[in-house]
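Peer 1: Quick one: the structure is below, and I'll ask about it shortly.
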Amino acid sequence: MPKKIRAAAVSFLNAWPLTAGLEGSERIELVQAEPSRCAAMLEAGEVDLALVSVAALTKGQYDIVPGIAIGADGPVQTVVLAGEQSPAIWDEVFLDTASRTSHVLAKLVLDAKGVHPKFTPMPAEEGLARAKGTKGALVIGDRGFGVRANHVLDLGREWTQLTGLPMIFALWAARPGAVSPEDVQELTRAAQHGLGIRTELAQRFAALKGGDPEKYRRYLTQKIRYGLGPYELQGLEAFLERAAAKGFLPPMPLRFVDDVVRTRRARRAVSVDTALQKGADGERLDADEAATLDEKAPLLELGLAADARRRALHPGDLVTYIVSRNVNYTNVCTTACHFCAFYRPRGHGESYVLTREELTQKIDETVALGGIEILLQGGLHPDLGVEWYEDLFRWVKQTWPVINLHALSPEEIWHIARTSELGLEATIDRLIAAGMDSIPGGGAEILDDEVRRRIAPLKCSTDEWLTVMKAAHVKGLKSTATMMFGVGEGPEHRVAHLMRLRELQDETHGFTAFICWPFQSQNTRLEPGDGSAHAYLRTNALSRLVLDNVPNLQASWVTMGGGVAQAALHMGCNDFGQVMIEENVVSAAGTTFKMDSEEVERHIRDAGFRAARRNMRYQLVEETRA
Amino acid sequence: MLSTLANRALERDGLGPIRDKVLAGERLTDADGLRLFEAADLPALGALANHVREARHGALAFYNRNVHLNPTNVCVASCKFCSFARKDDQRASDGYTMSVDEAVAKVLSRKPLGVTEVHIVSGLHPDLPFEYYTELLSRIRAGWPEVAIKAFTAIEIHFFAEKFGMSYEQVLRRLMDAGLQTMPGGGAEIFAPRVRRKICDDKATADQWIEIHRTAHRLGVKTNSTMLYGHIERLDERVDHMRRLRELQDETHGFQVFIPLAFHPEHNMIGKAFPKPTGYDALRSLAVARLYLDNFDHVKAYWVSLGERLAQTALSFGVDDLDGTVLEERIYHMAGSTVPQALSERTLHQLIRAAGRVPAERDSLYRVLKVHDAPLPEEPPARLQVTA
Numbered sequence: 001m002p003k004k005i006r007a008a009a010v011s012f013l014n015a016w017p018l019t020a021g022l023e024g025s026e027r028i029e030l031v032q033a034e035p036s037r038c039a040a041m042l043e044a045g046e047v048d049l050a051l052v053s054v055a056a057l058t059k060g061q062y063d064i065v066p067g068i069a070i071g072a073d074g075p076v077q078t079v080v081l082a083g084e085q086s087p088a089i090w091d092e093v094f095l096d097t098a099s100r101t102s103h104v105l106a107k108l109v110l111d112a113k114g115v116h117p118k119f120t121p122m123p124a125e126e127g128l129a130r131a132k133g134t135k136g137a138l139v140i141g142d143r144g145f146g147v148r149a150n151h152v153l154d155l156g157r158e159w160t161q162l163t164g165l166p167m168i169f170a171l172w173a174a175r176p177g178a179v180s181p182e183d184v185q186e187l188t189r190a191a192q193h194g195l196g197i198r199t200e201l202a203q204r205f206a207a208l209k210g211g212d213p214e215k216y217r218r219y220l221t222q223k224i225r226y227g228l229g230p231y232e233l234q235g236l237e238a239f240l241e242r243a244a245a246k247g248f249l250p251p252m253p254l255r256f257v258d259d260v261v262r263t264r265r266a267r268r269a270v271s272v273d274t275a276l277q278k279g280a281d282g283e284r285l286d287a288d289e290a291a292t293l294d295e296k297a298p299l300l301e302l303g304l305a306a307d308a309r310r311r312a313l314h315p316g317d318l319v320t321y322i323v324s325r326n327v328n329y330t331n332v333c334t335t336a337c338h339f340c341a342f343y344r345p346r347g348h349g350e351s352y353v354l355t356r357e358e359l360t361q362k363i364d365e366t367v368a369l370g371g372i373e374i375l376l377q378g379g380l381h382p383d384l385g386v387e388w389y390e391d392l393f394r395w396v397k398q399t400w401p402v403i404n405l406h407a408l409s410p411e412e413i414w415h416i417a418r419t420s421e422l423g424l425e426a427t428i429d430r431l432i433a434a435g436m437d438s439i440p441g442g443g444a445e446i447l448d449d450e451v452r453r454r455i456a457p458l459k460c461s462t463d464e465w466l467t468v469m470k471a472a473h474v475k476g477l478k479s480t481a482t483m484m485f486g487v488g489e490g491p492e493h494r495v496a497h498l499m500r501l502r503e504l505q506d507e508t509h510g511f512t513a514f515i516c517w518p519f520q521s522q523n524t525r526l527e528p529g530d531g532s533a534h535a536y537l538r539t540n541a542l543s544r545l546v547l548d549n550v551p552n553l554q555a556s557w558v559t560m561g562g563g564v565a566q567a568a569l570h571m572g573c574n575d576f577g578q579v580m581i582e583e584n585v586v587s588a589a590g591t592t593f594k595m596d597s598e599e600v601e602r603h604i605r606d607a608g609f610r611a612a613r614r615n616m617r618y619q620l621v622e623e624t625r626a
Numbered sequence: 001m002l003s004t005l006a007n008r009a010l011e012r013d014g015l016g017p018i019r020d021k022v023l024a025g026e027r028l029t030d031a032d033g034l035r036l037f038e039a040a041d042l043p044a045l046g047a048l049a050n051h052v053r054e055a056r057h058g059a060l061a062f063y064n065r066n067v068h069l070n071p072t073n074v075c076v077a078s079c080k081f082c083s084f085a086r087k088d089d090q091r092a093s094d095g096y097t098m099s100v101d102e103a104v105a106k107v108l109s110r111k112p113l114g115v116t117e118v119h120i121v122s123g124l125h126p127d128l129p130f131e132y133y134t135e136l137l138s139r140i141r142a143g144w145p146e147v148a149i150k151a152f153t154a155i156e157i158h159f160f161a162e163k164f165g166m167s168y169e170q171v172l173r174r175l176m177d178a179g180l181q182t183m184p185g186g187g188a189e190i191f192a193p194r195v196r197r198k199i200c201d202d203k204a205t206a207d208q209w210i211e212i213h214r215t216a217h218r219l220g221v222k223t224n225s226t227m228l229y230g231h232i233e234r235l236d237e238r239v240d241h242m243r244r245l246r247e248l249q250d251e252t253h254g255f256q257v258f259i260p261l262a263f264h265p266e267h268n269m270i271g272k273a274f275p276k277p278t279g280y281d282a283l284r285s286l287a288v289a290r291l292y293l294d295n296f297d298h299v300k301a302y303w304v305s306l307g308e309r310l311a312q313t314a315l316s317f318g319v320d321d322l323d324g325t326v327l328e329e330r331i332y333h334m335a336g337s338t339v340p341q342a343l344s345e346r347t348l349h350q351l352i353r354a355a356g357r358v359p360a361e362r363d364s365l366y367r368v369l370k371v372h373d374a375p376l377p378e379e380p381p382a383r384l385q386v387t388a
């Protein structure tokens with residue numbers, strides 16, 4: 001075991017989800033201290049790593065741990081200005097001594113309102129007691145919950161109104177070189193764990209300090225945001241820029257642990273024509289060839305090469321599809337990915353877990369429409385253990401034996417293993433025994449940890465995703481594989497994704513099909529990359545060339561529309577995916593394409609192919625229309 | 001130069017001889033046109049069309065900044081594919097007729113948006129006097145001297161000629177005096193009499209449509225041309241339609257562009273019997289048009305009809321023009337189109353650039369106003385949705 005690194009963190013409630021999972025960690029030893037003390041210990045080298053307020057970053061050359069932060073996108077409750085009279089007439093503000101970031105934030109917010117009082121450091125209780133007349137006080141931390149005053153300015157809300165961006169208060173900062181990628185993984189895992197048990201943490205906190213556990217739970221799940229993705233980074237940068245422009249903080253470049261540990265290999269020079277020819281002839285492409293094609297090959301050339309491969313792998317003119325229903329059993333999720341418009345926190349007014357009655361109706365309808373598969377996926381619900389899934393699967397398989405249960409992405413299987421305190425293998429064994437037939441390949445996004453940390457910091461890592469697939473394949477299950485691109489990744493990341501899939505497929509041959517689609521941006525917090533139809537057709541064609549060992553490629557008409565999907569049939573795809581009776585996740589992000597089986601078949605025929613129904617294993621099936 | 005992969009695919013598909021003609025600059029026969037429509041290999045067809053497109057226009061993809069004005073939807077014709085027309089302007093039937101004041105005010109209100117072309121198409125209103133149209137044009141012209149006025153399909157010109165007892169030339173000259181500069185290409189539908197009898201038997205015939213465009217060209221008015229596909233027509237009737245356009249173009253060189261228009265099925269009389277043609281048909285038709293219409297400079301993918309995704313894809317299938325920002329489009333939207341009401345210039349640029357092309361803003365006469373080699377400057381970031 002490597003030597004443990006030392007980390008300091010505050011004991012405020014909002015830090016608990018990030019630190020609770022570090023208790024008993026074999027890599028990281030946790031020390032708790034007041035905020036200013038955390039910063040001082042980091043500066044003095046007494047700890048390698050500290051959860052510090054953003055302003056403390058100016059005290060040294062620190063590396064920021066990517067993906068994790070404490071912030072708010074709107075009201076935060078625990079950073080407030082309070083006073084008896086309106087802030088407009090304040091001439092003096094007492095600053096709680098606890099955090100410099102909040103001082104700067106208070107100054108920026110008041111400055112934007114044209115208020116320029118004198119600022120006097122003072123302990124919170126005393127400051128609050130004296131906040132009368134033309135005096136105001138800044139109160140931060142857990143004391144903020146109980147503030148009663150005529151005028152209370154929530155600085156999270158004020159900042160978001162001012163800039164349209166979230167406010168980042170604190171993050172993990174490390175002494176240069178002190179933290180390894182494995183330590184970052186450990187911190188990420190701790191955060192995943194902590195976010196999963198926020199309800200419990202709220203109860204623990206209430207038991208310790210008094211107060212309403214429900215209020216604390218709402219604070220942890222709805223007010224505070226724990227991701228540090230591109231949207232939060234925009235907020236962080238805006239804060240530092242404004243503070244520097246006003247002279248409240250020195251200018252400060254941001255440096256991340258990734259920047260230090262990651263060194264990129266230079267790409268070998270490759271001829272596009274040669275690589276295209278190789279791909280079209282079915283020779284294996286290496287990463288440099290694939291990345292060159294991704295970057296430079298024209299759409300139609302990629303399409304022609306991919307079409308040549310499709311013809312070799314699937315001679316004849318048969319294009320298949322499946323009648324299946326997507327059932328999203330819950331939208332409660334602890335992961336809060338930046339690209340997801342579907343999830344709701346537990347307790348949110350729009351959160352749900354489907355009842356047996358609702359499921360019965362959905363599955364009955366599916367069977368009546370000739371459906372032979374249920375694609376069962378959901379959010380990472382903190383309360384659902386393996387028994388809940390076992391019961392559900394047994395019930396489905398007993399009630400509808402014809403239904404193939406295509407269930408649970410790798411992310412969900414990890415989550416079930418964690419909440420049930422079971423090993424991965426044991427979890428999969430139990431789910432298979434209960435009736436899980438195959439695994440959908442969702443949640444792969446981009447299988448490159450640099451990208452994953454940025455877009456879905458709390459999701460399972462590349463290795464974890466592949467580990468689930470491998471374990472399932474070894475046990476005889478088949479699965480699909482996916483890629484969601486256009487999240488700001490580069491050619492190397494997309495190619496790395498395809499290479500990882502190809503490696504595992506060489507080993508297990510468990511992937512029946514691959515499907516890719518671009519990120520759909522409406523209603524999510526991630527700025528879109530190139531999610532255009534052109535990018536889709538190119539990426540799809542490239543995938544056909546690189547994934548020489550994956551038999552089937554599905555066209556994504558749900559995201560791209562029927563016409564573009566027809567073009568994809570001529571550029572690498574041999575399958576038109578699902579007739580989907582229901583799909584919630586992509587449609588929550590604004591895509592609205594819909595087709596019934598007649599319409600799917602018309603598209604297939606119109607594009608010059610014959611249509612046939614298949615099952616999950618790509619065997620042809622008779623129509624079972626009721 | 002076509003790539004080895006493209007050549008291989010074309011030969012496998014039996015399109016080698018047609019390819020040779022295209023590369024030699026020889027004219028394709030109607031049989032060639034039909035053969036191309038029946039080609040099984042979409043990317044190979046696309047590669048050939050793209051070859052012609054790039055030889056003509058390089059990487060440029062054209063668009064303009066335009067606004068649509070549909071002064072009335074009241075129409076005496078009963079075209080079975082139309083979802084726009086109403087029999088009267090009663091509120092109950094969603095019929096409307098703008099006063100000249102309203103219509104002019106609507107157009108002039110777009111002045112600050114950098115629009116360079118007004119596109120005016122209307123129903124065949126039974127009661128409006130000819131002066132309604134001339135006054136509309138002359139007041140737009142007076143209020144906005146720089147804007148190009150593209151107005152009235154051949155169907156409307158024919159209707160005016162009959163109703164007001166003038167020749168086509170007389171109608172056109174009076175409208176030109178009032179401000180008309182170019183003409184849209186609508187109303188061509190499919191020229192074949194068999195089809196016209198069934199879908200639009202009470203409006204201008206194919207010969208009349210052709211004659212009006214011939215007259216316009218002779219008077220120095222450049223026009224567009226269209227083809228409404230995807231309903232009851234056969235593929236050979238599409239080729240026949242394009243042949244008649246190609247013949248007139250040989251004679252006059254007055255067409256600026258060819259625009260195949262997909263039939264939209266909602267809220268009209270034949271929609272139930274004929275679903276909307278698929279995107280495959282759009283890509284194929286555009287590519288064939290690029291190859292067959294060898295005397296046309298431009299082939300347009302009208303994004304309002306196709307959607308942004310398919311229109312962008314079409315930029316690799318022979319298309320060099322995406323129409324424009326199209327403020328206020330009504331006709332396709334009443335037929336069920338769900339695409340946005342207008343695309344910002346920035347969005348058009350993004351679509352074009354992401355397809356590996358260079359956006360070029362054009363005017364109404366397809367003269368390049370500006371080649372956008374560099375992206376437009378950043379707009380301030382929009383407020384993102386708060387999900388917490």
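If you read the sequences in order, they're chains A and B. Heads up: the first sequence is residues 1 to 626, going by the numbering used here. Heads up: the second sequence is residues 1 to 388, going by the numbering used here. We put the CB at the ideal spot given by N, CA and C, even for glycine.
#1: To the nearest angstrom, how far is the alpha carbon of T592/A from that of G562/A?
#2: So is P298/A in contact with chain B if we call contact Cβ pairs under 9 Å?
#3: Would you mind telling me which residues of chain B sit closer than 7 Å to L276/A, beta carbon to beta carbon, in chain order?
#4: Does the Cβ of A374/B have 16 or more other Cβ atoms within 10 Å, making it buried, or fewer, making it exposed?
#5: Give the secondary structure of V10/A by DSSP, where H, G and I count as helix, E and B as strand, and everything else as coil.
#6: I'd like the span of the beta strand (DSSP E) that includes G67/A, first residue to last.
#7: Alpha carbon to alpha carbon, what distance is there between T252/B and R218/B?
#8: Can you tell me whether DSSP reads G83/A as helix, strand or coil?
#9: Return the chain-ordered list of same chain residues with a C-beta closer than 7 Å to the C-beta of S157/A, the five sequence neighbours on each side being excluded.
#10: Under 7 Å between beta-carbons, which chain D residues line up against D281/B? List them in chain order, please.
#11: Taking the continuous alpha helix (DSSP H) assigned at R218/A, which residues delimit it?
#12: Can you tell me whether DSSP reads V368/B as helix, strand or coil?
#13: How far does the beta strand (DSSP E) with N64/B in it reach, from first residue to last?
#14: Could you give the C-beta distance for F258/B and A289/B, rounded to a whole number, given that I count them as a contact under 8 Å?
#15: Which bits of chain A does G187/B rub up against, with CB to CB less than 8 Å?
#16: My parser needs the alpha helix (DSSP H) runs of 4 or more residues fully inside the region 347 to 432 of chain A; what are they?
#17: Under 9 Å, Cβ to Cβ, is there at least one residue of chain B near A290/A?
#18: Looking at C-alpha atoms only, which residue of A282/B, F255/B, D202/B is the closest neighbour of Y229/B?
#19: Quick one, which residues of the region 311 to 328 of chain B are near chain A if we go by CB-CB under 7 Å, in chain order?
#20: Over what stretch of residues does the beta strand (DSSP E) that includes S109/B continue unbroken?
#21: Taking H119/B as part of the beta strand (DSSP E), name the residues at either end of that continuous run.
#22: How long is the line joining the alpha carbons of K198/B and A192/B, rounded to whole angstroms?
#23: Quick one: does G490/A have its CB under 9 Å from some CB of chain B?
#24: Cα separation between L5/B and D463/A?
#25: Compare the C-beta of G307/A against all C-beta atoms of chain B and say whether one is closer than 9 Å.
#26: Determine, using beta carbons only, whether A611/A comes closer than 9 Å to chain B.
#27: Candidates M166/B, L369/B, H298/B, N73/B: which alpha carbon is nearest K222/B's?
#28: Closest Cβ-Cβ distance between D530/A and chain B: below 9 Å?
#29: Here's the rule I'm using: 16 or more other beta-carbon atoms within 10 Å means buried, otherwise exposed. How should H125/B be labelled?
Peer 2: Put simply:
#1: Within the first sequence, numbered from 1, the residue matching residue 592/A stands at position 592. Within the first sequence, numbered from 1, the residue matching residue 562/A stands at position 562. Since pLDDT at T592/A reaches only 45, below the 50 mark, its modelled position is unreliable, and no value is offered.
#2: The residue labelled residue 298/A in the question sits at position 298 within the first sequence. Taking Cβ atoms only, chain B reaches closer than 9 Å to P298/A, which makes this a yes.
#3: On the first sequence, residue 276/A is found 276 positions in, with the first residue counted as 1. Simply L5.
#4: Counting from 1 along the second sequence, the entry for residue 374/B is found at position 374. Exposed: under 16 other Cβ atoms inside 10 Å.
#5: In the first sequence, the residue the question calls residue 10/A occupies position 10. DSSP places V10/A in coil when its eight states are reduced to three.
#6: Here residue 67/A refers to the residue found at position 67 of the first sequence. Unbroken beta strand (DSSP E) run through G67/A: 63 to 72.
#7: Along the second sequence, one-based indexing puts residue 218/B at 218. Along the second sequence, one-based indexing puts residue 252/B at 252. Approximately 7 Å, taken between the alpha carbons.
#8: The count along the first sequence starts at 1 and reaches residue 83/A at position 83. G83/A falls in the strand class under three-state DSSP.
#9: Position 157 of the first sequence, counting from 1, holds the residue named residue 157/A. Residue identity check: residue 157/A is Arg in the sequence provided, not Ser. Excluding residues within five positions, the ones whose Cβ falls inside 7 Å are G74, P75.
#10: The question asks about chain D, but that chain is absent: this structure's protein chains are A and B.
#11: Mapped onto the first sequence, residue 218/A falls at position 218. Element bounds for R218/A: 213 to 218.
#12: Within the second sequence, numbered from 1, the residue matching residue 368/B stands at position 368. In this structure, V368/B counts as strand in the three-state DSSP scheme.
#13: The residue given as residue 64/B occupies position 64 in the second sequence. First-last of the beta strand (DSSP E) with N64/B: 60 to 64.
#14: On the second sequence, residue 258/B is found 258 positions in, with the first residue counted as 1. On the second sequence, residue 289/B is found 289 positions in, with the first residue counted as 1. Sure, about 5 Å apart at Cβ, within 8 Å.
#15: Position 187 of the second sequence, counted from the start, is the residue given in the question as residue 187/B. Ordered by position in chain A, no residue passes the 8 Å Cβ test against G187/B, which lies about 25 Å from the chain.
#16: 356 to 368, 386 to 399, 410 to 419
#17: As a working note, residue 290/A is residue 290 in the first sequence. For A290/A, the answer is no, since every Cβ of chain B falls outside 9 Å of its Cβ.
#18: For the purposes of this step, residue 229/B is taken as the residue at position 229 of the second sequence. Among A282/B, F255/B, D202/B, the Cα nearest to that of Y229/B belongs to A282/B.
#19: Q312, T313, S316
#20: The residue labelled residue 109/B in the question sits at position 109 within the second sequence. Counting along the chain, S109/B falls outside any beta strand (DSSP E), and DSSP gives it neither H nor E.
#21: Locating residue 119/B in the second sequence gives position 119, where the first residue counts as 1. From DSSP, the beta strand (DSSP E) with H119/B extends over 117 to 120.
#22: Mapped onto the second sequence, residue 198/B falls at position 198. Mapped onto the second sequence, residue 192/B falls at position 192. Their Cα atoms are separated by approximately 10 Å.
#23: Position 490 of the first sequence holds residue 490/A. G490/A does not count as touching chain B.
#24: Residue 5/B sits at position 5 when you count from the first residue of the second sequence. Residue 463/A sits at position 463 when you count from the first residue of the first sequence. Roughly 37 Å between the two C-alpha positions.
#25: Start at 1 with the first residue of the first sequence, and residue 307/A comes out as number 307. In the sequence as displayed, the identity of residue 307/A is Asp instead of Gly. So, interface residue.
#26: One-based indexing of the first sequence puts residue 611/A at position 611. No, A611/A does not count as interfacial toward chain B.
#27: The sequence position of residue 222/B within the second sequence is 222, counting from 1. Measuring from the Cα of K222/B, the nearest candidate turns out to be H298/B.
#28: As a first step, residue 530/A must be located in the first sequence, where it is residue number 530. So yes, D530/A belongs to the interface.
#29: Against the second sequence, residue 125/B aligns to sequence position 125. H125/B should be labelled buried.
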